[in-house]
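Note sheet for the following structure.
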Amino acid sequence: MSFAPPLASFAGAIEFIFTPQESNVTGGKKVGGFDKTVELLIGQIEVTVLALAIALIVALPLGLYLGHRGKGELIAVGVANAGRAIPELAVIALVATLIGVGIQNVAPVLAILGLPPILNNAYVGVSQVDRATVDAARGMGMSELAIVRKVELPIAIPTVMGGIRSAAIAIVATATIAPLAGVETLGDFILNRNVYGENGLLAGALLVALLALTLEGLLALLQRRLTSAGLKVKTA
Amino acid sequence: MTDPFVLAAAGEVGGDFFKERDVGDLCQAQPDQVFCFDWARENLDRFATPTVQHLQIVIPALLIGFVVAFALALLAHRTRWLQPPLLAATGVLYTIPSIAFFFLLLPITGLGRDTAIIVLAAYTLQIIFRNTMLGLNNVPASVKDAARGMGLTQRQILWKVELPLAIPEIIAGLRVAVVSTIAIATLAVLISAGGLGTQMYGSNLTFPTSIIIAAAIVMLMALAFDVVLLLVQRFTTPWRRAAQG
């Protein structure tokens, strides 16, 4: 495989994103272009958001509950450590061969990659909230649920959001290889080199990198919005 | 006997994902079974070379990542205003998905192991740098004052007081970096750098037995490295054991 000099390669990739072009492999057929890019981008956002939502629904309440009770450290932290060792390529390949292709199969499995950081950070964040603060809230007559919602979660937000950000990055990165399991994402440009050519390959890589950075940036902004002013003073 | 497997070669990336693949005579009776023990017994040796290749990517990447991140952390420890920009820069390298990073480097460093090592080393920087820096920042001022009072120089304080006290945080960062890197290195197959990903992708993508064995080796490798790091922590922080009685 040969590439043009780096600068020319990237220029070709950027052109590919906006204008359909004849790839060097398909012989005349035009590929890429803005419409295709948007279609694949939406595909990747769709599967990412769905998987992240599933991971949140499963792991966040469980992590908050375990952290509140101060129990199950082994589960919360152990799952996180083991979860990091799961190779994403194997996950996607096994979905495709054993469960089936399509977003309805891929999203729940991608969610598995998001569970460990959310569970771990929710647990750690809540269990590290000063017990005196929690006792004070209890003394004021707050219910256990209210303590979690109004005291522990707000204080633990930076840690909890850190876990959600890690999960989002892991999921969006793995969604890139989701085309192997029949879900069209930007990874299609990368994996289907014999359709999109070298320009498509680089364009896909650029777009995936930008998407991940944008997602991370948005979640960082959300974290700032959610963190109470009192906590910001301390960290500043 | 013909080898039913063809390792994913450079040109094959993005090839025919779901092509029919001959699993040999061993699993013909039950082609749909999830795990074919007969095949596994006969073919375990084909995982040896990919395992070695995997280590040849992971170990240099981790060594480079550790040396660079550690140096950056020492620099940021001495020059405090560098901490936010270095955190942001390593954060960007951490956030870019490795698969995208591989291909962004392709026009510059080409296919193969070097590109994989660079990308994985860059990925580990944030985790190791951040933990080392936080570990150093968290050393209580009173401890440093005591050391200064005993006549230690700035350099002695760093190497004899601050760094030893930061070891648990440094190792915590290394453990995360090591385990994630071993898992992510499976993607190196996409840039023809070999490794255990070769047994999951390409023509192996349709054969669960191969994928499961390769994934198990990856996870065992991660576990083994994790245990080694835990032991290192035990032996480098004897005072923690003393405190626990």
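If you're matching them up, the sequences are chains C and L in order. Using my numbering, the first residue of the first sequence is number 115, and each one after it goes up by one. Using my numbering, the first residue of the second sequence is number 5, and each one after it goes up by one. C-beta: ideal position from N, C-alpha, C; glycine also. Since the structure is predicted, the reported quantities are computational estimates derived from the model, not experimental observations.
As DSSP reads the structure, residue 136 of chain C sits in a beta bridge with C:144.
The beta carbon of residue 133 of chain L lies closer than 7 Å to those of 73, 76, 77, 90, 94 in the same chain, with the five residues before and after it left out. In its chain, beyond the 5 residues on either side, 190, 191, 192, 193 have a beta carbon closer than 7 Å to the beta carbon of residue 201 of chain L. The beta-carbon of residue 266 of chain C is placed no less than 9 Å from the nearest beta-carbon of chain L. Closer than 9 Å to the CB of residue 146 of chain L there is not a single CB belonging to chain C. Approximately 7 Å separates the beta-carbon atoms of residue 206 of chain C and residue 292 of chain C; this is inside 8 Å, confirming the contact. The segment 291-305 of chain C makes contact with the segment 94-111 of chain L, as at least three CB pairs between them are under 8 Å. Listed in chain order, the alpha helix (DSSP H) runs fully inside the segment 148-220 of chain C are 148-183, 187-198, 202-208, counting runs of at least 4 residues.
Around the C-beta of residue 49 of chain L, fewer than 16 other C-beta atoms lie within 10 Å, and the residue is accordingly described as exposed.
Comparing C-alpha distances from residue 325 of chain C to each of C:275, C:134, C:249, C:154 shows the shortest one belongs to C:154. As summarised for the segment 79-129 of chain L, the continuous alpha helix (DSSP H) elements at least 4 residues long and confined to that stretch are 87-99, 102-113, given in chain order. Here DSSP, grouped into helix, strand and coil, assigns residue 197 of chain L to coil.
The continuous alpha helix (DSSP H) containing residue 181 of chain L extends over residues 167-188. Our two residues, residue 111 of chain L and residue 119 of chain C, have alpha carbons roughly 7 Å apart in a direct line. With respect to residue 213 of chain L, residue 38 of chain L sits close: the two C-beta atoms are nearer than 9 Å. In the three-state reduction of the DSSP assignment, residue 302 of chain C falls in the helix class, which pools H, G and I.
Counting the other Cβ atoms within 10 Å of the Cβ of residue 200 of chain C gives 16 or more, which makes it buried. Ranked by Cα distance from residue 124 of chain L, the first of L:170, L:220, L:226, L:63 is L:63.
Contact note: residue 137 of chain L does not reach chain C at a C-beta cutoff of 9 Å; the least C-beta distance is about 15 Å.
For chain C, none of the residues of the segment 39-72 of chain L brings a beta carbon within less than 7 Å of one of its beta carbons. The criterion of a C-beta distance shorter than 9 Å is satisfied by residue 285 of chain C and residue 227 of chain C.
In the structure shown, residue 37 of chain L falls within a coil segment according to DSSP collapsed to helix, strand and coil. Within chain C, the residues 201, 203 have their CB atoms less than 8 Å from the CB of residue 201 of chain L, given in chain order. Interface criterion not met: the Cβ of residue 236 of chain C is under 9 Å from no Cβ in chain L. Taking C-beta atoms under 8 Å as the contact rule, residue 211 of chain C and residue 289 of chain C fail to qualify, at a distance of about 18 Å. With a threshold of 9 Å between beta carbons, residue 105 of chain L makes contact with chain C. For the C-beta of residue 232 of chain L, not a single chain C residue is nearer than 8 Å; the gap to the nearest is close to 14 Å. Among the residues facing chain L, residue 299 of chain C is not included, as its CB has no counterpart in that chain under 9 Å away. Among the CB atoms of chain C, one or more fall inside 9 Å of the CB of residue 99 of chain L. Within chain L, the C-beta atoms nearer than 8 Å to that of residue 286 of chain C come from 101, in chain order. Nothing from the segment 225-250 of chain C brings a Cβ to less than 8 Å from some Cβ of chain L. If you check the CB distance, residue 221 of chain C and residue 304 of chain C do not come in under 9 Å. Chain-ordered, the chain L residues with CB closer than 7 Å to the CB of residue 291 of chain C read 103.
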